[in-house]
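J.:
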Amino acid sequence: MCPSLTLGWYRYHQEQRGKIKATDLMVVMRCLGASPTPGEVQRHLQTHQIDRNGELDFSTFLTIMHVQMKQEDPKKEILLAMLMADKEKKGYIMASELRSKLMKLGEKLTHKEVDELFREANIEPNGKVKYDEFIHKITLPPRDY
């Protein structure tokens, strides 16, 4: 369950006197859109001299989130992954190959999730995926209705 920033922090505030447990840091960060690895979370905690069983206050949490968001660049990460798949440097990969990689590597997606992603990016199931266009479409901010 992903708490929103306000509701989640309020819950933690009620239970932990305004602090969150270090063991909850990755979950809270991911719920807020960051994508830290376990190693990155550990480095953040070490930087602030917080051990794994410790707690952190809201100010420290905001500092950690700021640093994490500055170092993340989803467009660059996606581009590097697609360049590795495009051995011949054609500027595209086949949708079937992308589907396979999305379902087998990293945070594995389901068929349904890949179908939704392809629909959002206007990718034909048997088509070519030009990675510059694909990256642009999937990293646009969500619509604010």
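Take the sequence shown: its position 33, counted from the start at 1, is 1093 in my numbering, and no numbers get skipped.
The beta carbon of each residue, even a glycine, is placed where N, CA and C say it ideally should be.
1. For the region 1118 to 1175, list the beta strand (DSSP E) runs that are entirely contained and at least 3 residues long, ordered along the chain.
2. Can you name, in chain order, every residue of its own chain whose Cβ lies under 7 Å from the Cβ of Arg1159, other than the five neighbours on each side?
3. Give every residue of the same chain whose Cβ lies closer than 7 Å to the Cβ of Glu1132, excluding the five residues on either side of it in the sequence, and list them in chain order.
4. Could you give the first and the last residue of the continuous alpha helix (DSSP H) run that contains Ile1198?
5. Give the straight-line distance between the Cα atoms of Ile1124 and Pro1185, rounded to the nearest whole angstrom.
6. Quick one: what does DSSP say Glu1100 is sitting in, helix, strand or coil?
7. Taking its Cβ as the centre, do 16 or more other Cβ atoms sit within 10 Å of Met1089, making it buried, or is it exposed?
8. Does the distance from the CB of Lys1079 to the CB of Glu1137 come in under 8 Å?
9. Tell me the residue span of the alpha helix (DSSP H) that contains Val1085.
10. Could you name the residues of the same chain whose beta carbon sits closer than 6 Å to that of Leu1085, not counting the 5 residues immediately before and after it, in chain order?
11. Whole angstroms is fine: what's the gap from Tyr1152's alpha carbon to Val1189's?
12. Do you know offhand how far Leu1162's Cα is from Thr1170's?
13. For Ala1082 and Arg1103, which I take to be in contact (beta-carbon distance under 8 Å), what is that distance rounded to the nearest angstrom?
14. Nearest to Pro1122 by CA position, among Lys1150, His1196, Ala1145, Leu1092, is which residue?
T.: A quick look at the data gives this:
1. Those beta strand (DSSP E) runs which fall completely within the region 1118 to 1175 and span 3+ residues are 1152 to 1154.
2. Within the same chain, Cβ atoms closer than 7 Å to the Cβ of Arg1159 are found at Val1174, the five residues on either side in sequence being excluded.
3. Correct list, in chain order: Ala1094, Ser1095.
4. Its alpha helix (DSSP H) spans residues 1191 to 1198.
5. So the two alpha carbons sit approximately 40 Å from each other.
6. Helix.
7. Answer is buried; the Cβ neighbour count reaches 16.
8. The answer is no: Cβ separation not under 8 Å.
9. For the sequence presented, residue 1085 should be read as Leu rather than Val. Leu1085: member of the alpha helix (DSSP H) spanning 1085 to 1091, first to last residue.
10. Listed in chain order, the non-local C-beta contacts of Leu1085 below 6 Å within the same chain comprise Val1101, local neighbours out to five positions each way being set aside.
11. Between the alpha carbons of Tyr1152 and Val1189 lies a gap of roughly 5 Å.
12. Straight-line Cα distance between these residues: approximately 8 Å.
13. Here Ala1082 is actually not in contact with Arg1103; their C-beta atoms are around 12 Å apart, not less than 8 Å.
14. First, the residue type needs correcting, since residue 1122 is Leu and not Pro in the sequence shown. Answer by Cα proximity: Leu1092.
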